[in-house]
Amino acid sequence: MNEKPMTKAVARRFLLGTVEDSERQRIESLFLIDSKTQETILIAEDELVEDYLEGSLSETDTAKFLEQYAHDPRQRRKLRIVGTIREYAQSEALRDHAESSVLQKVRSFLSLGWASERRLNIPIAVAVATVLVVTMVWVVRWNTQRMRDNNFRLAIEQQLTELNAPSSLRENPPQMVSLVLPSVSLRSANSPAQITPQAAYRIAELRLLWPHKAESQSYLAVLRRVGGTEQFRIANLADEKNHDGKVVRLRLPAQSLPPGLYQVSLSASASDGLSGPTEEYEFMIGG
Amino acid sequence: MPRNSEFLPEQFDDLLAWLNQDRELASSAYLNLRNSLLRIFAWNRCADPEGLTDETFDRVARQVPTLRETFKGNPRLYFYGVANNLIKEYRKKVNSHVPMEGFDVAGDPPQEDQEETSERRRECLSRCLGKLSKEKRELILTYYAKEKQAKIIHRAEMARQLGVSIEALRVRMLRIRGNLEECIEQCVDQFAEGDETV
Chain A
1 MNEKPMTKAV
11 ARRFLLGTVE
21 DSERQRIESL
31 FLIDSKTQET
41 ILIAEDELVE
51 DYLEGSLSET
61 DTAKFLEQYA
71 HDPRQRRKLR
81 IVGTIREYAQ
91 SEALRDHAES
101 SVLQKVRSFL
111 SLGWASERRL
121 NIPIAVAVAT
131 VLVVTMVWVV
141 RWNTQRMRDN
151 NFRLAIEQQL
161 TELNAPSSLR
171 ENPPQMVSLV
181 LPSVSLRSAN
191 SPAQITPQAA
201 YRIAELRLLW
211 PHKAESQSYL
221 AVLRRVGGTE
231 QFRIANLADE
241 KNHDGKVVRL
251 RLPAQSLPPG
261 LYQVSLSASA
271 SDGLSGPTEE
281 YEFMIGG
Chain B
288 MPRNSEFLPE
298 QFDDLLAWLN
308 QDRELASSAY
318 LNLRNSLLRI
328 FAWNRCADPE
338 GLTDETFDRV
348 ARQVPTLRET
358 FKGNPRLYFY
368 GVANNLIKEY
378 RKKVNSHVPM
388 EGFDVAGDPP
398 QEDQEETSER
408 RRECLSRCLG
418 KLSKEKRELI
428 LTYYAKEKQA
438 KIIHRAEMAR
448 QLGVSIEALR
458 VRMLRIRGNL
468 EECIEQCVDQ
478 FAEGDETV
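Below, the structure is given as structure tokens:
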């Protein structure tokens with residue numbers, strides 16, 4: 001057997017399915033008998049999953065990743081679980097951060113006895129000033145990025161509201177592609193439906209099959225990208241009856257959404273104002 | 288659903304003994320090999336990795352009495368040879384659209400997709416984190432607290448504080464997360480089966 005060392009770059013190519021068949025066999029054999037190779041591949045896979053969930057993969061690699069990892073229900077479940085762990089950890093960190101306020105830090109700094117020693121005052125003042133300047137620069141940059149993200153989010157929200165207004169839904173624009181989506185509780189093992197944004201299609205219309213018979217006054221859809229933290233709420237959707245049964249139409253700005261696996265959680269509201277059942281749907285936006 | 292294994296208990300004992308004379312080590316080697324084969328079939332985009340893994344063990348188990356006398360080398364490589372043949376057979380069958388006898392080409396309806404919602408996953412994560420030691424729980428939550436550039440600096444700092452390399456930290460996290468994933472999967476499945484006392 002050819003004993004070329006296993007690097008993370010090779011492991012990554014292997015995991016994205018871009019190695020020759022002979023190389024695949026060599027790597028898989030090594031994976032079974034060499035613990036170091038096994039470790040390298042598992043670490044590369046972990047990094048790949050994180051990069052995907054963070055949206056750091058190139059468009060080409062995202063497409064290859066989804067081809068390799070989103071076709072299998074078990075792999076999709078793994079992705080969802082890792083995404084949930086990351087979201088949970090990040091929200092916990094934000095909460096902790098908010099709890100330990102800057103004020104408390106300043107208080108604890110001032111409570112240190114050595115701050116009152118005259119010979120240390122100047123270096124401490126310089127250090128504090130430096131920290132303040134660095135913090136201010138960081139806060140300004142963070143705020144700018146936050147505003148950019150916020151603007152992007154607002155733009156998407158606005159598009160979603162416009163596209164799903166009853167008056168818009170009555171029209172059938174030419175630049176639209178439609179997809180029928182059963183809920184995940186009804187879907188078979190097939191891969192989630194994929195939308196490949198093309199110049200010709202500006203809007204993707206999801207026709208969400210609603211399996212419940214009870215009448216609902218309206219529906220609320222919550223759209224989120226698996227692994228992402230943002231979610232978009234589209235309220236006051238209505239159902240329609242056709243040969244597939246009940247269908248709720250949801251229109252998306254296909255070209256504005258980054259590639260990835262998406263989930264839609266659709267909840268019904270009954271006429272008495274009580275909340276009804278919820279269904280989840282999955283689809284992919286390709287690179 | 289994975290096909291049930293067809294080999295007899297004594298064939299399974301023979302297979303374990305071929306992997307390692309020590310029964311305990313053999314069991315652990317078997318589980319490790321099984322997980323590795325599952326991954327290999329999944330990487331090759333086979334629709335039923337569990338069925339194909341069972342088939343690999345079935346085929347090898349039938350050969351063990353002969354293999355013990357004739358096969359020289361690491362038994363895992365023999366398993367891989369059989370698995371690789373199955374991958375080739377699978378690809379051939381898929382290309383010609385003929386369902387393979389004995390396991391599903393298209394796979395069964397995925398249990399994991401049924402009744403699984405993000406709320407349940409989150410609830411299960413919370414329960415499973417509660418089953419980890421305080422140290423492991425804090426470690427994994429800290430590890431995944433940041434993303435992108437901040438993540439790199441944050442993890443380097445974590446590794447420094449723990450006195451280990453970043454790679455060693457990653458391996459440690461992979462193990463903790465692997466156990467956590469397994470716990471969450473079981474919890475979500477039990478939720479789907481209506482057992483709330485997970």
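Heads up: the protein sequence lines correspond to chains A and B, in order. So for the first sequence, our numbering puts the first residue at 1; every next one is plus one. So for the second sequence, our numbering puts the first residue at 288; every next one is plus one. Glycine residues also receive a C-beta, built at the ideal position from the N, C-alpha and C atoms. These numbers were taken from a predicted model, which means no experiment stands behind them.
Interface residues of chain A around residue i at Cβ under 8 angstroms?
i, result
"W305(B)", "Result: empty, since nearest Cβ-Cβ is about 15 angstroms, beyond 8 angstroms."
"I440(B)", "Here the premise fails: no neighbours, minimum Cβ distance about 12 angstroms."
"N322(B)", "The contacting residues do not exist; N322(B) stays about 10 angstroms from chain A at best."
"A329(B)", "D72, R74, Q75"
"K435(B)", "E54, S56"
"G364(B)", "It is worth fixing the name first, because residue 364(B) is Leu in this sequence and not Gly. In chain order: S29, L32, I33."
"L428(B)", "Y88, A89, E92, A93"
"R408(B)", "R80, I81, T84"
Only counting the same chain, and skipping five residues up and downstream in sequence, which positions put a Cβ closer than 7 angstroms to that of residue i?
i, result
"L16(A)", "D61, K64, F65, Q68"
"P362(B)", "W305, L306"
"F299(B)", "A348"
"E191(A)", "The sequence as given places Ser at residue 191(A); Glu does not occur at that position. Result list for S191(A): A70, H71, in chain order."
"Y201(A)", "Q175, M176, V177, A254"
"R424(B)", "L416"
"R326(B)", "none"
"R24(A)", "F14"
Quickly, what does DSSP pair residue i with across the bridge? List them, please.
i, result
"W210(A)", "K246(A)"
"Y88(A)", "None, per the DSSP bridge assignment."
"L266(A)", "A221(A), E279(A)"
"Q464(B)", "Note that residue 464(B) is Arg in the sequence shown, not Gln. Its beta-bridge partners do not exist; DSSP assigns none."
"Y201(A)", "Q198(A)"
"V177(A)", "A204(A)"
"K241(A)", "K246(A)"
"Q231(A)", "R224(A)"
"L252(A)", "A204(A)"
"M6(A)", "None; M6(A) has no bridge partner."
Kindly list the residues whose CB is nearer than 8 angstroms to the CB of residue i, restricted to its own chain and excluding five residues on each side of it in sequence; keep chain order.
i, result
"V369(B)", "T343, R346, V347"
"L320(B)", "L306, R363, F366"
"A155(A)", "S256"
When the cut-off is 8 angstroms and only beta carbons count, does residue i lie next to chain A?
i, result
"V503(B)", "Coverage of chain B is limited to positions 288 through 485, which leaves residue 503(B) absent and any answer about it impossible."
"L412(B)", "yes"
"A432(B)", "yes"
"Q401(B)", "Any reading at Q401(B) needs caution, since the residue's pLDDT is 45, under 50, leaving its predicted position unreliable; the model's value is listed next. So yes, Q401(B) belongs to the interface."
"I463(B)", "no"
"Y367(B)", "yes"
"L361(B)", "For the sequence presented, residue 361(B) should be read as Asn rather than Leu. Chain A contact via Cβ: present."
"N382(B)", "no"
"R447(B)", "no"
"N371(B)", "yes"
Does residue i come within less than 8 angstroms of chain B when only Cβ atoms are used?
i, result
"T84(A)", "yes"
"S29(A)", "yes"
"Y88(A)", "yes"
"E215(A)", "no"
"D46(A)", "yes"
"I81(A)", "yes"
"A93(A)", "yes"
"Q68(A)", "yes"
"Q25(A)", "yes"
"A193(A)", "no"
"E205(A)", "no"
"E171(A)", "no"
"E280(A)", "yes"
Applying a beta-carbon distance threshold of less than 8 angstroms, which residues of chain B neighbour residue i?
i, result
"Q310(A)", "Chain A is shown from 1 up to 287; residue 310(A) falls before or after that span and cannot be answered."
"Q263(A)", "S405"
"F43(A)", "It is worth fixing the name first, because residue 43(A) is Ile in this sequence and not Phe. Ordered by position in chain B, the residues that pass the 8 angstroms Cβ test against I43(A) are E454, R457, V458, L461."
"E59(A)", "The contacting residues do not exist; E59(A) stays about 18 angstroms from chain B at best."
Quick one: what's got a C-beta closer than 6 angstroms to residue i's C-beta in the same chain, skipping five residues either side?
i, result
"V19(A)", "R13"
"T7(A)", "none"
"N466(B)", "none"
At 9 angstroms on the CB atoms, spell out the chain B contacts of residue i, in chain order.
i, result
"L306(A)", "One cannot answer for residue 306(A) here, as it falls past the ends of chain A, which runs 1 to 287."
"L15(A)", "W330"
List the residues of chain A whose Cβ lies closer than 7 angstroms to the Cβ of residue i, in chain order.
i, result
"E468(B)", "K78, I81"
"R424(B)", "In chain order: nothing, as chain A lies at least about 10 angstroms away."
Which residues of chain B have a Cβ atom closer than 7 angstroms to the Cβ of residue i, listed in chain order?
i, result
"E39(A)", "V458"
Could you confirm whether any beta carbon from chain C is found closer than 8 angstroms to the beta carbon of residue i?
i, result
"N361(B)", "Here the protein chains are A and B, and chain C is not one of them."
Start-end ranges of the alpha helix (DSSP H) lying completely within the region 44-69 of chain A, minimum 4 residues: Here the runs fully enclosed are 59-69.
Ordered list of alpha helix (DSSP H) runs contained in the region 405-457 of chain B, each at least 4 residues: 405-418, 421-430, 435-449
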